[in-house]
Amino acid sequence: MNDQNLEPGKYLHTLAYRGTPALVGDATVHVRRLDAETAKLWGTFTTQCRKRFGKEEAQAPYTIATTVLQVITGGYVYFEPKGAAPFLVSRQPINSDLLCKAFTLTYGLALGEPVEAIDLRKPPELAVRIARATEREFALKEHLAGTKDTQPDAPNWLYRSMGWGLAERLAAVPFQLSNGREIALRPDITGGLVALDDPWENESGGRYAVCRTAVRLKTLPNVQHPVLLLDARVSRISSSLIFSSTALAVQPGEGRPVLEVKLNGRGGMKTIPRQTLQALGRLEMDYSILQSIAQRSEREQKLRERARAFKEKLQFPREHPGQVWPIPAKNYQHPIGTGVGMHHLRLLRTHAETVFGDDAERLSMRQTAMTLPRRPTDPEKVSAQEYKRRKEERERTGSKEPLRARGSLFPSAESLSVSVDEAGFKKLRIACLWYRDETRQRMLQTFCNAFGLSPVGLDTEEGVEIDLYQGRITAVFHYVPDFLRPGRGRDRAEALGAVSASLRSRDGVLVGAWCETELPHADDFPGVEARDLDDLDAKPQTKSVLARLDVPSQYLKGRGREGVIEPTGEDHPAQMALLDLYRSLGVTDERISNALQSTNGFPVDRLAHVGVHVRQQNRRFGEKGEPKIVITATVLVPPQSSQGAWSLLGWSSTAPVWRPYRSAQNAFHTRPYPEPSAEATSYRQKWDDAADMVERALGDLADELDGMQYTVTVDAQSARRMWDGLQNMRLGGQPGLTGDDGTRSRYQLPGARLGGDAPLAVIRLNTEDEEVPQPVSVTHLGKKDGAEPVEKDTSTLLFEVDTDFGTPVWLLCNVPRAYDGSGAGRLGSKRTRWEAEKSVQSEDRAKRRKGEMPQNFYAMTATEILPIGGPSDEAREALAAMTARLCHQTLFWSDRARYPVPLHAARQMDLDHPQYRREAADTEPGSGDGGEEAETTE
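Sequential numbering from 85 applies to the sequence shown in the numbering used here.
This is the structure:
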């Protein structure tokens, strides 16, 4: 656990520890492994359930059995009936006869048999085989020793059960705050912790949130032990049970973990699954806590029915949750903010290392020697002497000017013009489509700020161009309310009318559309169901029309919850919308060349860089059929000369041709998301077909690049379903190991079968908080003998993880703009939410203060960067640094992105698609948190 014998440098501290035998001690679990015949019977059971429910996606409701077993055994049970190695694991042994009865009841109830008619003396074969599976007690440490030079090969049940004992140890010691206050933690059945005894409450009272601490076991690339990852989050508590997805429930008796119960039913009728109560009743077990949940659901449903009958606004009682703590089904508005903050996470690190002692073996992560590119938006660089002089002068004069001038948010007009020239055009025209004068004024003011124009005497005329820069960049305004306003029953293309002709890019003029929009509001459409408001949203409809005209578009919201938007300070939404329009146009400026300068001799600036985005589009309400797979890709191509601009090409699975980014995005947006292939008969085949499509795209790109080498960047979460070689267990595997056995992917890596046209390297990114170590602080060890370590709260640098074998992996630390930006309060940096300051109301403006509890507390995040392949260690380090630089320097966004430019641009193609629905956080029904979106009963 100590940091002795470390070389000078900067070291990152995280909430990650090696999962060694010493860490778990003598902890044991009880495991039943299910054989192939039992797994086959479970598949048959699932098919029967699908036929009964009439839904292809239906699954056998094994939660009936697991909830029953959790109540009976005290809580620690996990059942996995699918996959290559199905199992049942528990903290305590389970009586085989009781297990047989539990699954007999599950089987009968799921297939519609009345509970009293189920004959427990005649169990189905499935229940018999599960109960007869040999139960063995395993010591966790037996599976954690690790094998030198290989990824951990621990069984799946270990990852599900190791947190149980560790959470109990962490809960046995109070969590201590800096002021000495002690917070009680309770273990829950997921293997995490929850602070139910010390909830957070809003200032006016009656609304709650709790701290939940995750205790997870994961793997990291080329680390021979599994890794324990800790993290903490705010879990908001719903004012109602019937609109919630899950509930935390305090079990009767001492020493039992908090239950996490999945609720069943439609919104407004959520409750404990009836079959679970029936099964426990039939077994004559104490299930009083589940009955409490059912009874609360009944009371709330009656309140809702009464409110409807009398056409009253629904309002649930504001009271302490007691034993049952409902978790909202979606991200509703709430008077308590998100995030626990950096200080909380550092205290969690101290708590873990106090509890585990020397058994908590940290992973070493040292800063990589690289420089981040200077961005146009960065503050002015000044010497320490000049900074001191300015500070003294400001104190003497009382000036409010910043000590370092802010950089420019917008690209220079000249660099934009150069990029437009590189794209084969002579002029850029931005068409502003509006229907509120306030929005028109915001657009005009943003142009003034972006191009240094004086607003005095400047106004717009319908269809008349305004010169923004030397006749090479202009703007034109069109009033088109029927085209842009929310509603249905109109032909949007017809509503655009004659304006459409002026929007096409031709005669050397590149055109982009900047449009006004708003989310449809229930008050404007009485009688329309909330879920049908999406159909009235004009943005996806108008975006499709503009895409068919090959016009890139971006949108600016003109009205929000509080009415028409009229910013009193800087208009950040308008600024960001204009910058994102530049991205949609595919124009690049010198910042990409700046970010891709070669620094260690490996020529990353002479490579093309591909980003492949993959997402599964699940069905929405009313949709049928299999989930859709969406694939988009972009490539940054270096210029022919050092003075030229990088070009950006795009591709999509619905328009599979490489073309300029703006045209690729428009071609993608003119078509609906792709339907699943009728020939794909299995999960494996579906994803193999998707990988095959990417393989063809990379082959086409290789022809386009004519011998130029390239890299491919993918996101681990989505892409590893397509390529086994991206999984930690398969790193370094040979392409020949892929197969057609139904479990292994057809392709090991993107482009793996292209021979000489294969990518030089594949760069795997992982931004998933549940799989990437949570950074908490940095220590700087100086070179001088006796120098004291310097602690720093945050970092934006790149750190190399000290792996056990194979190639290195890096973590790029990110500090959210809201934490470290101009005027940021850095909430959570010095105290936890338990110490949050309350608001202060005063006639003296200087004494007024916002309360901290409603605000979001921010923390560092990390992006894992793993280059796979490449000719040398030096090349892989250069590729990791390049990826970090392309995250730090985005196309036009003013701050850092979680993804590098090629992957970010590909992802944005998808997020901007007309079928990708935008959402706003609604007020939770019956919460009383706000009036606009609260459920009414008219």
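Ideal placement from N, C-alpha and C gives every residue a C-beta, glycine not left out.
Being a predicted model, the structure only gives us computed values, none of them experimental.
With Arg805 and Trp771 assumed to form a contact (beta carbons below 8 Å), what rounded beta-carbon distance in angstroms separates them?
About 5 Å separates the two Cβ atoms, so the contact holds.
Please report the distance separating the alpha-carbon of Thr422 from that of Asp886.
32 Å
_Per-residue burial, Glu600 [other beta carbons within 10 Å of its own, 16 or more giving buried]_ = buried
Cβ distance (whole Å) where Phe327 is taken to contact Gly351 below 8 Å: 6 Å
- Query: CB-CB under 7 Å to Arg746, same chain, minus the five flanking residues each way: which ones, in chain order?
  - Reply: Pro636, Ser668, Leu669, Gly670
Determine which residues share a DSSP beta bridge with His114 and list them. Ser174, Glu221
Run through the stretch 584 to 650 for me and flag every whole beta strand (DSSP E) of 3 or more residues, listed as ranges in chain order. 593 to 602, 637 to 644
So, Ala293 versus Ile420, is the Cβ gap smaller than 8 Å?
-> Closer than 8 Å, so yes.
Between which two residues does the beta strand (DSSP E) holding Ser752 run?
Residue identity differs from the one stated: residue 752 is Phe in this sequence, not Ser. For Phe752, no beta strand (DSSP E) encloses it; the enclosing alpha helix (DSSP H) starts and ends at 745 to 753.
- Under the three-state reduction of DSSP, which class applies to Trp241: helix, strand or coil? helix
inquiry  = Using C-beta distances below 6 Å, list every residue in its chain close to Asp233, excluding the 5 sequence neighbours before and after it, in chain order.
reply    = Excluding residues within five positions, the ones whose Cβ falls inside 6 Å are Phe889.
Within its chain, find whatever has a CB closer than 8 Å to the CB of Gly907; leave out the 5 residues flanking it on each side and keep chain order. Any reading at Gly907 must be qualified, since the residue scores a pLDDT of 49, below 50, and its modelled position is unreliable; the value itself is stated next. Here the set comprises nothing.
Roughly how many whole angstroms lie between the Cα atoms of Ala211 and Thr188? 6 Å
Tyr757 and Val714 closer than 8 Å at C-beta:
Contact flag set, yes.
ask   = When DSSP labels each residue in this structure, what does Lys510 get in the three-state scheme?
value = coil
Q) In terms of residues, what are the limits of the beta strand (DSSP E) holding Pro105? A) Here Pro105 belongs to no beta strand (DSSP E); instead the alpha helix (DSSP H) covers 105 to 108.
- What does Cys1037 pair with, by DSSP beta-bridge criteria? Nothing can be reported for residue 1037, as the shown portion of the chain is limited to 85 through 1022.
message = Looking at Val796: is its Cβ nearer than 8 Å to the Cβ of Pro873?
response = no
- Could you spell out the range, first to last residue, of the beta strand (DSSP E) harbouring Asp315? 311 to 320
- Message: How far does the alpha helix (DSSP H) with Lys124 in it extend, from its first residue to its last?
- Response: 120 to 137
(request) Look at the alpha carbon of Met966 and the alpha carbon of Gln359, and state the distance between them as a whole number of angstroms. (result) 55 Å
Restricting to Cα atoms, I'd like to know which of Leu950, Asp566, Glu445 is closest to Thr104. Glu445
query: Looking at C-alpha atoms only, which residue of Pro92, Ala658, Ala606, Ala168 is the closest neighbour of Pro239?
result: Ala168
Using the C-alpha atoms, what's the distance from Val342 back to Ile377? So the alpha carbons of these two residues sit roughly 14 Å apart.
| Thinking just about the alpha-carbon of each residue, which of Glu285, Ile156, Lys124, Glu200 is nearest to the one in Pro170? | Lys124
Would you call Gln625 buried or exposed, if buried means 16 or more other Cβ atoms sit within 10 Å of its Cβ?
Buried, by the Cβ-count rule.
Item to complete: Along the alpha helix (DSSP H) that carries Phe535, what are the first and last residues, could you check?
Response: 521 to 535
Residue nearest to Val504 in terms of C-alpha spacing, selected from Pro604, Ile557, Gly247:
Ile557
Problem set entry | Thr147 versus Arg136: straight-line alpha-carbon distance, rounded | 18 Å
inquiry  = Is the beta carbon of Gly425 closer than 8 Å to that of Leu96?
reply    = no
Next on the checklist: Quick check on DSSP: helix, strand or coil for Asp272?
Outcome noted: strand
Fill in: Within the stretch 145 to 200, ranges of the beta strand (DSSP E) (whole runs, at least 3 residues)
With a minimum length of 3 residues, the continuous beta strand (DSSP E) runs that stay inside the stretch 145 to 200 are 161 to 164, 171 to 174.
Exercise for the section: Compare the C-alpha of Gly954 against each of Asp543, His309, Thr891 and name the closest. Expected result: Comparing Cα-Cα distances from Gly954 to each of Asp543, His309, Thr891, the minimum goes to Thr891.
Exercise. From Ala800, Phe259, Trp126, pick the residue whose C-alpha is nearest to that of Leu950; which is it?
Worked result: Ala800
| request: Compute the beta-carbon to beta-carbon distance between Val318 and Gly247, rounded to the nearest angstrom, for a pair I have assumed lies under 8 Å. | output: No, Val318 and Gly247 are not in contact; Cβ-Cβ is about 20 Å, not under 8 Å.
- prompt: Buried or exposed: which applies to His656, given that a residue is buried once 16 or more other Cβ atoms fall within 10 Å of its Cβ?
  reply: exposed
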